[in-house]
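A short write-up of the structure that comes next.
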Amino acid sequence: MLKRRLLSIAFCFSLLFTSPIMSSGLESLPVLYNGRLQPFDSVARHVLISIQEKTRVTRLVDTQKEDISPSKWLWGTITSQKEPLNDKVFLIRDPDIKHELTLTDKDNYFSFNEISMHLISIQKKADDFRQKDKHDLNAYENNILKLSNKLNLFSSLFYTFASHSDVSFFEYFSHYEQHVPKGLELFNVYNSTGLLEDIEDRKQLNKFNHYFKNHLVFSKNSSLHFFPNMESPTDYTQWKNTGAQLLQYLDQSFTSHPILENLAKATQYEPSSSEFHSLMKDTTSIYKESLGTAYNYVYLEYLLNTYNPFIYALYLYVLIILMSLFYYLIQNEKLFSYSKYLCYAAFLLHTIGLGLRMLIQGRPPVTNLYSSAIFIGWVGIILAFIQEKIFKHKIGYFIASILGSITLIIAYHLSFQSDTLEQMQAVLDSNFWLSTHVVTITLGYSGTYLAGLLGTFYILYTFFKKSSPVLNKELYTMVYGIICFSLFFSFIGTVLGGIWADQSWGRFWGWDPKENGALLIVLWNAIILHSRLAGIVKERGLMLMVIFGNIVTSFSWFGVNMLGVGLHSYGFMESAFNALIFYCITQFVIILIGVQSGPPEKLNR
Amino acid sequence: MTLLWRFILFLSSLKFGLFSLSCFFIIVLVGTFAQIEHGIFYTQKVYFHSLFIMIPFRDIHIPVFPGGGLVGSLMVLNIVGATCFKIQWTRKKIGLVFVHLGLIVLLLGGGLASCVSYESQVYMEEGDSTYFANDLHHNELVIIDPSFPRYDKIYAIPIKDLISGQTISDDTLPFEIHVHEQFDNVLLSLSEIPNKAISKGVGTGLTITSIPEFTQDDKKNNEGAIISIHHENKDYGRYVVALDIDGYQEIHINNTIYYIQVRPRRVYFPFMMTLKTFTQELYPGSNIPKAYSSLVSIRDFKMGSERDVLIYMNHPYRQDNLTFFQASFGKEEPSSILQVVRNPLWLIPYISCIIISLGLLLHFSIYLLAFLKRRKNA
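Quick note, the sequences are listed as chains C and R, same order. Just so we're aligned, residue 37 is where the first sequence starts under the numbering used here, counting upward by one. Just so we're aligned, residue 21 is where the second sequence starts under the numbering used here, counting upward by one.
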């Protein structure tokens, strides 16, 4: 027994290390970006997600297609290499815009070079649309604004390690470094006397001036902050981007910044070269020394990105679903026990991922839609395990895996929407309320989904196979118990939400869509319990009602976020909206099957 | 059994409770979808606070479904009845009793609060002082009598009390006001041709068009009216008054000048509030706001004492049933927008929710323990 458990744990860890490490040290460099310290890899992923809604870049190298890692792509872009300009990374779905930019209709991804000649006209339009009221924008105007934002983000990357002239950044930087003392001297002379006699001097001062202006532009445009103040590296407000750091060389007491020196040198080499590796190693040790534990969190995040445990958990859950289905067909006990241990392994991976996220963020498990998906699955699985422990019907791991796989697939898609570890908006920045209100309301979601799944299982099982009344009775008891669980947590969660709202906006209840969504779950669960009490529904009726609960919960979780979605938004929200509608239809179909497959309550009487 | 008793039993029945729960479910659902088109304030009025949900058909409004107000009241009656007559007050069901008692308090408190509470806002730039906030949803017609040396005398009439065709007269008012036409929302535009319907004030140069009410939250209805002023059987002219008209219009009666204006209802504080500094903190290296806070000083009118208070996200300031929240900030100057809510019943949801949560916990624990015991024995 113990051996098996150990084996399964070993198996799940071996999965983690099967993915190849191709780190050159670049991926885990800490960067202050979007308000938080994160590994270079996360920045690269975020930039790519923002412009192409995926992280994979495929590049044609010598007529061969080659996958480029996000970090390598970003490094190429910020050091002004030619290739990224030809990578097809701009996602444009709107046919009107494609037509306008004379792009082919078939593709959705285009390179910067393909769009660049229309840059001015796009930006001009976007500037006009920005003046308009947000609600009055039509789909085309919205999409132009989106494209303009993508272009702005991409162009802002050119202000990191680019010289904006023929020379390489390293040459540019070394010239500048050598030039600073003389330039400052000339500047002081000019300032005190008002003129420079020598023409060469004047030229030099002019050049110096040019540098100054250049770096001012750099510092305004770049959002990648690589450079801590070496005296107080953990004060993130003092971190600088390249432009600002170059400007600091004008301070006479300033000598040089070791990280800037290293990175400037690194711009000359290919990321795969040994020189690059040793420079990165050196840089990493500087960061490590100055940041201490903060560096460890950055490295953890890099690990989380690379060995995404949720993906492996997802694979396992899908595998378990298949194994369980086989098990129900052939009733092989060995198959069941394998699927059981695999399920524990998958859950362990799931838990590791969740734990790492909490550790990196220093926050409760749910901070955004992405993490709510992961957490809903996680809680649902625990509940399913408990059920299995009590009732031993050999459906717990099957149900758990379905819940796990669905929620992780949802999370996977959500991860291409924004930074999943993003900073909280001001009003949400409260660990107390996040860990009380958000967690309890999510527990309620988990409960209703689990009950809905058990209901679905009941309906389909009785449809395909004549099941025993004993199993039915116990399923009924399970579902009833879970409904009580969800009513309790969704009520408490909703109330805590009201109290939070009272604390931050001065009203307990405002009939806002998200509040209403939560209330609907509470009401629906109350309706189910009272219908059962009144004898309006019995076994099958209760099952049908909990399946409808799936729809109610999905509306509350996702639907209310989509209320404002128009019909032609060509984006994630539209496909998510379609998925939601599709899901609701499947639930209705199951309800219909349940209603059709036999006079429900007679069996019981 | 008398008819009344049977009616009471019907009201307290589980089936009736289910019916009202289901109605409430539908109202919440429909009211949520309505927010695709309309603002929250409008949907609250039409769906959640109303007795009936009305749908306009030609010129009349037809009730199509019970509104939140009605269903809420029915639910209270149902729960009261059920708690008194239906639920057994036994040790096993004591949790349920708590839940339903808590629900009564919650629903009653919520209903009352929606009647007595109101929301208002203060916009202050750094250094500004104020002693009142503007109600966002209620406007009033004010008449200012400046003829007193140390203060102005102000008469305020809720704009909703101006009803077309009626005359407002009261011994305390300095003159009578006859309302010719009242507008829920009116469009005023400059016109070259003098408006003959108006004889005094800025209205003589305006075209007045009544337009439908806005239902979105970000558009404000320009409430107004065409009124004429009468005093001792003499006509002192016909004016148009509206929220959008900035400044005061003058009325001259027997050497006295009165000023009239439509403005948001004011919520007065018993103190003077000054915004000392407004701070907006961003996450480093980004434009994501991390926190806003307003440092205000509060000078009490009665006590004369002065103290500083820091109001920030999730940390409101409460005094005299008024609660001040950091709501937003102005774009240009360092300025702060505080939401001011007067809700004397703010504690009720807290209390009722504690009762209900305890009740649920108690009830489900009793049943869970019994269930586990049964399984163990089986």
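Positions of the beta carbon are idealized from the N, C-alpha and C atoms, including for glycine.
Exercise. Under the three-state reduction of DSSP, which class applies to Lys101(C): helix, strand or coil?
Worked result: strand
Problem set entry | Cβ shell of His473(C) (< 7 Å), same chain only, five flanking positions each side left out | Gly529, Leu532, Gly533 and Trp536
For this session: Look at Glu337(C) and Leu457(C) and say whether their C-beta atoms are less than 8 Å apart.
Result: yes
For this session: Going by CA-CA distance only, name the one from Leu444(C), Asn508(C) and Gly595(C) that's closest to Ile56(R).
Result: Gly595(C)
Exercise. Which same chain residues, not among the five before or five after His215(C), have their C-beta less than 8 Å away from its C-beta?
Worked result: Gln240, Lys243, Phe244 and Tyr247
Problem set entry | Reference Ala178(R); option with closest CA among Ile163(R), Ser167(R), Thr192(R) and Asp172(R) | Correcting the residue identity first, residue 178(R) is Pro in this sequence and not Ala. Ranking Ile163(R), Ser167(R), Thr192(R) and Asp172(R) by Cα distance to Pro178(R) puts Ile163(R) first.
Exercise. Candidates Val558(C), Trp275(C), Gln100(C) and Ser86(C): which alpha carbon is nearest Phe126(C)'s?
Worked result: Ser86(C)
Exercise. Between the segment 44-56 of chain R and chain C, which residues of the former have a C-beta closer than 8 Å to a C-beta of the latter?
Worked result: Phe44, Phe45, Val48, Leu49, Gly51, Thr52, Phe53, Gln55 and Ile56
For this session: Step through the CB atoms of chain C and report whether any lies within less than 8 Å of the CB of Gly37(R).
Result: yes
Exercise. With distances taken from CA atoms, which of Asp548(C), Tyr69(C) and Leu444(C) is nearest Asn344(C)?
Worked result: Leu444(C)
Exercise. What runs of the alpha helix (DSSP H), each 4 residues or longer, lie entirely inside the segment 301-378 of chain C?
Worked result: 310-327, 329-342 and 345-366
Problem set entry | Nearest-angstrom Cα separation, counted from Leu565(C) out to Ile519(C) | 8 Å
Exercise. Under the rule that 16 or more other beta-carbon atoms within 10 Å means buried, what is Cys104(R), buried or exposed?
Worked result: exposed
Exercise. Is Glu353(R) closer than 8 Å to Glu145(R) when the C-beta atoms are compared?
Worked result: yes
Problem set entry | Beta-ladder partner(s) of Gln74(C), from DSSP | Val67(C)
For this session: Rank Val287(R), His272(R) and Arg285(R) by C-alpha distance to the C-alpha of Tyr259(R) and give the top, closest one.
Result: His272(R)
For this session: Could you tell me if Gln135(R) is buried or exposed, where buried requires 16 or more neighbouring beta carbons within 10 angstroms of its beta carbon?
Result: Reading off the sequence shown, one finds Cys at residue 135(R), where the question assumed Gln. The residue in question, Cys135(R), is exposed, as its Cβ has fewer than 16 Cβ neighbours within 10 Å.
Exercise. Going by beta carbon distance, what residues of the same chain come within less than 7 Å of Asn149(C), once the five residues before and after it are set aside?
Worked result: Leu121 and Asn122
For this session: Quick one: residues in its chain with C-beta nearer than 6 Å to the C-beta of Ser248(R), no 5 flanking neighbours on either side, listed in chain order?
Result: His198 and Arg258
For this session: Just the chain C side, please: which residues come within less than 7 Å of Val361(R) by C-beta, in chain order?
Result: Gly542 and Arg543
For this session: Find the residues of chain R that neighbour Tyr69(C), judging by a C-beta separation of less than 7 Å, and give them in chain order.
Result: Gly305
Exercise. Using CA coordinates, which residue listed in Lys351(R), Arg78(R), Leu193(R) and Val48(R) is at the minimum distance from Gly87(R)?
Worked result: Val48(R)
Problem set entry | Cutoff 8 Å: Trp109(C) Cβ touching any chain R Cβ | no
Exercise. Since Ile331(R) and Phe291(R) are thought to touch, with beta carbons under 8 Å apart, how far apart are those beta carbons, to the nearest angstrom?
Worked result: Actually they are not in contact, since the Cβ atoms of Ile331(R) and Phe291(R) sit about 14 Å apart, beyond 8 Å.
Exercise. Just the Cα atoms here: how many angstroms apart are Ile626(C) and Lys501(C)?
Worked result: 15 Å
Exercise. With 8 Å set as the bound, which would you pick, yes or no: does the beta-carbon of Leu34(R) sit closer than that to a beta-carbon of chain C?
Worked result: yes
Problem set entry | Neighbour list for Ser259(C) in chain R, Cβ cutoff strictly below 8 Å | Gly305 and Ser306
Exercise. With 8 Å set as the bound, which would you pick, yes or no: does the beta-carbon of Gln141(R) sit closer than that to a beta-carbon of chain C?
Worked result: no
Exercise. Do Glu160(R) and Arg362(R) have their C-beta atoms within less than 8 Å of each other?
Worked result: no
Exercise. Would you report the Cα separation of Ser147(C) and Phe205(C), rounded to the nearest angstrom?
Worked result: 24 Å
For this session: Output, in chain order, the set of chain R residues within a Cβ distance shorter than 7 Å of Tyr528(C).
Result: Residue 528(C) is actually Ile in this sequence, not Tyr. What Ile528(C) touches in chain R: Ser377.
Problem set entry | First through last residue of the alpha helix (DSSP H) which encompasses Gly584(C) | With the sequence shown as reference, residue 584(C) is identified as Phe, and Gly is not the correct amino acid for it. Its alpha helix (DSSP H) spans residues Glu575 to Trp593.
Problem set entry | Distance between beta carbons of Leu71(R) and His383(R), contact taken as under 8 Å | Not quite, the Cβ-Cβ distance comes to about 33 Å (not below 8 Å), so this is no contact.
Exercise. With a cut-off of 8 Å, do at least 3 Cβ pairs link the segment 579-592 of chain C to the segment 550-569 of chain C?
Worked result: yes
For this session: Round the Cβ separation of Leu295(R) and Gly147(R) to the nearest angstrom and send it over; I've been treating them as touching at under 8 Å.
Result: 7 Å
Exercise. Which residues, taken in chain order from the segment 545-568 of chain C, show a beta carbon closer than 8 Å to some beta carbon of chain R?
Worked result: Trp545, Gly546, Trp547, Asp548, Pro549, Asn552, Gly553, Leu555, Leu556, Leu559, Trp560, Ala562, Ile563, His566 and Ser567
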